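Numbering (this note's numbering), first residue to last: 1448 to 1772. Quick reminder that beta carbons are idealized off the backbone N, C-alpha and C, glycines included. As the structure is a prediction and not an experimental result, all values here were calculated from the model. Heads up: the structure comes next, in structure tokens.
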Amino acid sequence: MNSCNILFTSVGRRVSLIRHFYRALKDLKLNGRIYGADASDKSPAFHITEKSFMVPRINHPDYIPSLLKICKQEHIKVLIPLIDTELYVLAKNRQQFSEIGTEAIISNQEVIHVGMYKTATHQFFKKNGVKAPELFSREDHEKIKENLPLIIKPNDGSASHMVFRVDTEQQFDFFAQYVPNAIIQQYIEGEEYTLDVFVDLSGKVRCVVPRLRIEVRAGEVSKGVIVKRDDLIQAGKTVCECLAGARGCITLQCICDRNGTIYMIEINPRFGGGVPLSIEAGADFPKWLLQLVMGEEIGDVADSYKDGLMMLRYDEAIFIAPQGS
């Protein structure tokens, strides 16, 4: 039986995603174990893997050495990062993992840079002819006044943290100072979609799954539904085909206005928080990824999922008994 041990880094709350990988191992009849790593042992997903490791924080010099040690010790075949802030350092050190037989499922540094900084994302969209909200300079007072309402958010932000809509000049003056490293973006009214894109290990786009964000909590979708629209699928494919060096799951955010125009907003080169909805609909990203890592072909999977599946999320608790009890 083939062996495929998996390490998830910064496991946090990603219980549902990890359970889908357990299911993929079982479906493929792979002899694999799933491990977790996090800076906190109070993370829920830390307690659902077969073994988890406390590691230094991402900005600590021992972060990469600690992961390399785990990968070598536990014979890790696949490493999957789960949060934005660790992507760049892991991409930079990908070769070190490769040398010990671990495949880090991560895009290259250029793609990570494009996704990490909103100004770089905007420049990428503009260069490749992708429609996106306009950015404004805070010094251009007339344009700002004419284009209210606007969105103010950090250039390097994630998970919708510190994102504000401003409707008046007074609000603009306050939030432009309050938000660190702020950018000013055109406000687009419409429906917000996430596009889960599966890119194989050679960089080919294999599947795009659009899902409508009905309700969002703390930057992560809590209610959503699969919407199989050709224009959204093509938009996701176009963006990711321009992202040379993209690998694995790429999560795109876009808004569709009342005229049907699609505006691309963000690129997140990792598994999104709502990807379990796409997986349950039939786009089995975990299974496809493990098949590719194990040298198998996955065939044509572009139309593998069902339209209309809805996800309604709720909190679930993990209980940990005191030590020695």
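Is it true that the CB of residue j sits closer than 8 angstroms to the CB of residue i?
i: P1491; j: R1466; result: no
i: L1597; j: I1635; result: no
i: G1720; j: V1558; result: no
i: T1549; j: I1523; result: yes
i: Q1543; j: L1515; result: yes
i: A1471; j: L1739; result: no
i: D1754; j: I1680; result: no
i: C1518; j: I1547; result: yes
i: N1449; j: M1741; result: yes
i: T1496; j: E1713; result: no
Run through DSSP, which three-state label would residue i get?
i: Q1700; result: strand
i: M1563; result: helix
i: Q1633; result: strand
i: A1538; result: helix
i: E1727; result: helix
i: K1519; result: helix
i: E1533; result: helix
i: E1586; result: coil
i: L1659; result: strand
i: E1593; result: helix
i: T1568; result: helix
i: S1513; result: helix
i: V1558; result: helix
i: F1611; result: strand
Can you tell me where the beta strand (DSSP E) with residue i in it begins and where it stops?
i: K1600; result: L1597 to P1601
i: V1525; result: I1523 to P1528
i: K1498; result: K1498 to M1501
i: K1734; result: Not the beta strand (DSSP E): K1734 falls in the alpha helix (DSSP H), residues F1732 to V1740.
i: I1673; result: E1667 to I1673
i: G1483; result: I1481 to D1485
i: N1575; result: Here N1575 belongs to no beta strand (DSSP E), and DSSP marks it neither H nor E.
CB-CB under 6 angstroms to residue i, same chain, minus the five flanking residues each way: which ones, in chain order?
i: I1767; result: none
i: Y1510; result: P1503
i: E1667; result: G1720
Report the option in the options whose CA atom is closest to the CA atom of residue i.
i: E1662; options: Y1761, A1567 and T1698; result: Y1761
i: K1675; options: A1538, G1683 and R1664; result: G1683
i: T1698; options: Q1770, K1592, G1637 and M1563; result: M1563
i: Y1640; options: L1648, V1626, S1649 and V1655; result: V1655
i: L1690; options: A1728, I1745, M1757 and N1575; result: N1575
i: N1555; options: P1508, S1649 and F1622; result: S1649
i: E1638; options: D1620, R1660 and L1454; result: R1660
Which residues mark the beginning and the end of the alpha helix (DSSP H) in which residue i is found?
i: L1679; result: D1677 to C1689
i: D1474; result: V1462 to D1474
i: A1623; result: E1616 to Y1625
Can you name, in chain order, every residue of its own chain whose Cβ lies under 7 angstroms from the Cβ of residue i, other than the five neighbours on each side?
i: P1528; result: T1456, S1457, L1534, L1537, I1553 and R1717
i: V1652; result: V1644, V1646, K1684, C1687 and E1688
i: K1734; result: A1471, D1474 and L1475
Counting only beta-carbon separations shorter than 8 angstroms, does residue i have a partner in chain D?
i: D1754; result: Chain labels in this structure do not include chain D; a single protein chain is all it has.
Keeping to the same chain, check which residues put their C-beta closer than 8 angstroms to that of residue i; ignore five residues upstream and five downstream.
i: S1783; result: As shown, the chain starts at 1448 and ends at 1772. That puts residue 1783 outside it, with no answer to give.
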